[in-house]
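Written below as structure tokens is the structure these notes are about.
In this note's numbering, the protein residues as written are 33 to 291.
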């Protein structure tokens, strides 16, 4: 993994030597922990809500509890710290960035350089069950956030800085319903061929690929997971490893921002 030193600080112990290639497999433990944290938090939230007899029912109760993706926040933070990003440049709460179509949007993870440049903005999402109801909502949210940010950037809301790295990561439950082929609705016009005979897992993968292809996001990642904490990647292009490689390479290219 490529490492660079912090400003007036010693190089991290994990980055003693400059390596030729980025090896993100060193973060397998952190990825495992993030997935486990997700499911443990969901279970804990649903148990507490049941005990308190709250009005939230079923999966909605777990979803509205929040914090489930904090394990991935920890993963991203560790990656940044290992590279040498100063802790004070990493923001994980109340990350409201100005938009164009709306006043602001609260991103899950951002990096702002000492020169006040927005270097990275990342959105983290998950979906467990209710695939038919929520797939369109997730796609609309992701597209809306990206269009709003890039339009604001075009109109120089972020002054005249270089484009930031924008990431999207979604964890999707893998079960019989998410891997089964889903029909398409074509009452007036035909849908694109790539969507036919596809599952929700396939469609999320297509979605993430197209987010990158159309440059709405620099990198988009799809992780499938089961309640037993097993997980995997649906394709190399949208894998967690490709996501982290892109993120790390970008941050390394911006090392002068922190010197």
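Here a beta-carbon is modelled for each residue, glycine too, at the ideal position from N, C-alpha and C.
| Asked | Found |
| --- | --- |
| Determine the closest residue to residue 127 out of 142, 134, 224 and 117, with distance taken between C-alpha atoms. | 142 |
| Return helix, strand or coil for residue 183, following the three-state DSSP convention. | helix |
| Are residue 105 and residue 112 close, meaning C-beta to C-beta below 8 Å? | no |
| Please report the distance separating the alpha-carbon of residue 97 from that of residue 80. | With a pLDDT of 39 at residue 97, under the threshold of 50, the modelled position of that residue is not reliable, and no figure is offered here. |
| What residues match up with residue 127 in a beta bridge as DSSP calls it? | 139 |
| Select from 82, 233, 150 and 287 the residue whose C-alpha is nearest the C-alpha of residue 211. | 233 |
| Let me know the secondary structure DSSP gives residue 241 once reduced to three states. | helix |
| I want to know whether the region 228-242 touches the region 188-195 - three or more CB-CB distances under 8 Å. | no |
| For residue 74, count the other beta carbons within 10 Å of its own beta carbon; 16 or more makes it buried, fewer makes it exposed. Which is it? | buried |
| Express the C-alpha separation of residue 221 and residue 54 in angstroms, rounding to a whole number. | 45 Å |
| Report yes if the CB atom of residue 271 is closer than 8 Å to the CB atom of residue 265, and no otherwise. | yes |
| Counting along the chain, where does the beta strand (DSSP E) carrying residue 369 start and finish? | The question about residue 369 has no answer, for the chain in this structure spans 33 to 291. |
| Taking Cβ positions, are residue 117 and residue 276 nearer each other than 8 Å? | no |
| Just mark residue 245 as buried or exposed, buried being the case when its beta carbon has 16 or more other beta carbons within 10 Å. | exposed |
| Under DSSP, the beta strand (DSSP E) around residue 153 begins and ends at which residues? | 150-159 |
| Return the CA-CA distance between residue 124 and residue 140, expressed in angstroms with no decimal places. | 6 Å |
| Roughly how many angstroms lie between the CA atoms of residue 213 and residue 72, to the nearest whole one? | 29 Å |
| Below 8 Å on the Cβ atoms is my guess for residue 18 versus residue 69; work out the distance and round it to an integer in Å. | Limits of the chain in this structure are 33 at one end and 291 at the other, which puts residue 18 out of reach. |
| Hey, quick one: how far does the alpha helix (DSSP H) through residue 106 stretch, first residue to last? | 102-115 |
| Please tell me whether residue 255 and residue 203 are closer than 8 Å, where the distance is taken between their beta carbons. | yes |
| Hey, quick one: how far does the alpha helix (DSSP H) through residue 273 stretch, first residue to last? | 272-285 |
| Is residue 216 helix, strand or coil by DSSP? | coil |
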